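The opening residue of the sequence shown carries number 0 in numbering that gives the first Met the number 0; numbering runs sequentially from there.
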Amino acid sequence: MLIVHSPAHHGHAYDVEIQHGQAVPALEVPARAQAIHDALVATGRHTLTPPGTHGMAPLEAVHDAAMLRYLETCWTDWVASGRTTPIVPETVLLHTYRDGMGEVREPRTPAGRIGYWCFDTESPIVEGTWQATREAADIALTAASAVLEGAVAAYGLCRPPGHHAARRMFGGYCYVNNAAIVAAWLVGQGAGRVGILDVDFHHGNGTQQLFWERADVPYASLHGDPDRVYPYFSGHADERGGGAGTGFTLNVPLPAGTSDDGYLRELARAVDWLDSRTDDIIVVSLGIDTYERDQLGDLALTTEGYRRCGELVAHSGRRLVVLQEGGYFVPALGDNVVAWLDGVESVAGAGA
Ligand code: Q9C
Ligand code: ZN
């Protein structure tokens with residue numbers, strides 16, 4: 000299978016993140032993508048390629064131009080304001096902040112601006128964040144181009160991940176939404192209705208928001224129940240889309256401890272749902288944080304389970320753009336991604 004990757008993600012690195020008010024060792028680390036890369040190379044069965052450049056237009060099609068400008072320039076402004084530590088918000092804008100007081104304005108100072116755009120304390124920005132973010136989007140678009148040009152499947156080793164980034168808000172280790180950028184771009188290229196299957200442990204709030212009112216990009220997500228886990232505010236089963244997109248969002252919240260058989264049953268339902276609303280291509284937001292040993296998730300998938308997942312998704316007969324999202328138990332990440340893609344190839348053929 001074609002694997003698109005870039006070393007640019009190594010520049011997006013910081014030591015700690017703030018979880019529940021505590022500084023803890025960063026979980027979204029370069030070693031994640033390195034481990035996946037090394038495992039894919041070790042199979043000797045995949046073709047690795049660097050991303051091509053696609054410019055800003057595909058990003059601007061889904062994100063607010065002012066947010067993209069912020070991401071591009073914030074590190075320089077932060078350093079000019081005398082700070083050198085990773086950018087993490089002190090204040091975060093709540094929707095209730097200006098109740099009865101009119102519109103909010105984007106703050107002018109770097110310390111104020113971050114809390115206008117970023118919704119949590121776990122997504123630091125450092126010097127190399129923008130370059131890594133740009134290249135992750137280019138990785139996703141390069142994988143999508145290959146599929147558009149005829150490949151049955153391609154995998155983008157995106158880091159940072161993307162599915163928590165919304166039109167004008169980012170967080171959850173995500174800065175721009177790689178899967179959404181690709182789906183919108185594919186629609187624009189004439190691919191018809193493009194489905195998104197999100198199997199990261201966390202609900203893809205950003206992706207859901209971006210396509211909430213669209214019938215041409217159906218969105219299906221399996222995730223830990225937001226009544227229990229991050230991102231808390233979205234991903235309930237009664238969220239089904241709005242306006243022209245009513246009925247084109249499917250949320251499947253899962254109980255803690257869900258293991259391979261239970262997960263695969265729900266996955267089969269979600270793939271059928273998506274299949275009947277998609278013309279040709281499915282974009283997969285592949286999170287491996289559903290793994291039994293993942294410290295952010297509480298589901299219990301196994302490496303063999305991931306192989307079965309890949310197989311089941313490939314049985315849809317849809318062409319697949321598979322993009323990396325989360326997954327934090329580094330020692331098993333490589334094996335698990337290899338297993339998922341093996342599952343795809345066992346159905347779609349080794350040339351997939
Ligand atoms: N103590 C992705 O997997 N933080 N993002 C949970 C629990 C979740 C994860 C904190 C961070 C988002 C792409
Ligand atoms: Zn996740």
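From the three backbone atoms N, C-alpha and C, an ideal C-beta is built for every residue, glycine too. Here the structure is a predicted model, which means the values were calculated and not measured.
Contact test: residue i Cβ vs the ligand ZN heavy atom, cutoff 7 Å
{"i": "PHE210", "result": "no"}
{"i": "ASP403", "result": "No statement about residue 403 is possible, as the shown extent of the chain runs from 0 to 351 and does not include it."}
{"i": "ASP288", "result": "yes"}
{"i": "GLU71", "result": "no"}
{"i": "GLU121", "result": "no"}
{"i": "GLU324", "result": "yes"}
{"i": "ASP37", "result": "no"}
Best match in the options for proximity to residue i [C-alpha to C-alpha]
{"i": "VAL175", "options": "ALA190, ALA131, THR141", "result": "ALA131"}
{"i": "GLY54", "options": "ALA178, ARG133, HIS162, ALA299", "result": "ARG133"}
{"i": "GLU310", "options": "GLU212, LEU263, GLU59", "result": "LEU263"}
{"i": "ARG112", "options": "LEU156, GLY10, LEU67", "result": "LEU67"}
{"i": "ILE287", "options": "ARG268, ALA60, GLY101, PHE328", "result": "PHE328"}
{"i": "THR277", "options": "VAL193, GLY234, ALA65", "result": "VAL193"}
{"i": "HIS8", "options": "ARG239, ILE17, GLU27", "result": "GLU27"}
{"i": "SER315", "options": "PRO254, TYR305, LEU273", "result": "LEU273"}
{"i": "GLU324", "options": "VAL151, ALA136, GLY242, LEU39", "result": "ALA136"}
{"i": "TYR13", "options": "SER122, TRP77, PRO109", "result": "SER122"}
{"i": "ALA178", "options": "GLY189, PHE210, VAL151, GLU148", "result": "PHE210"}
{"i": "PRO6", "options": "GLU16, HIS36, VAL23", "result": "HIS36"}
{"i": "ASP334", "options": "VAL40, GLN18, HIS4, VAL15", "result": "VAL40"}
{"i": "TYR154", "options": "ARG31, PRO50, LEU298, GLY127", "result": "PRO50"}
Cβ-Cβ separation, residue j to residue i (assumed contact under 8 Å), whole Å
{"i": "GLY203", "j": "SER284", "result": "6 Å"}
{"i": "PRO88", "j": "CYS117", "result": "5 Å"}
{"i": "MET0", "j": "ALA351", "result": "5 Å"}
{"i": "GLY205", "j": "CYS157", "result": "So it is not a contact: roughly 14 Å between Cβ atoms."}
Check: residue i C-beta below 7 Å from any heavy atom of the ligand Q9C
{"i": "GLY43", "result": "no"}
{"i": "LEU298", "result": "no"}
{"i": "ASP293", "result": "no"}
{"i": "CYS173", "result": "yes"}
{"i": "HIS9", "result": "no"}
{"i": "HIS19", "result": "yes"}
{"i": "TYR305", "result": "no"}
{"i": "TYR231", "result": "no"}
{"i": "PRO160", "result": "yes"}
{"i": "ASP199", "result": "yes"}
{"i": "HIS94", "result": "no"}
{"i": "HIS163", "result": "yes"}
Residues bridged to residue i [DSSP beta-bridge criterion]
{"i": "ALA165", "result": "MET168"}
{"i": "GLY155", "result": "VAL3, LEU322"}
{"i": "CYS73", "result": "Bridge partners of CYS73: none, in fact."}
{"i": "ALA56", "result": "The partner list for ALA56 (beta bridge, DSSP) is empty, contrary to what the question assumes."}
{"i": "CYS117", "result": "PHE169"}
{"i": "LEU196", "result": "ALA219, VAL283"}
{"i": "VAL251", "result": "LEU221"}
{"i": "TYR290", "result": "LEU300"}
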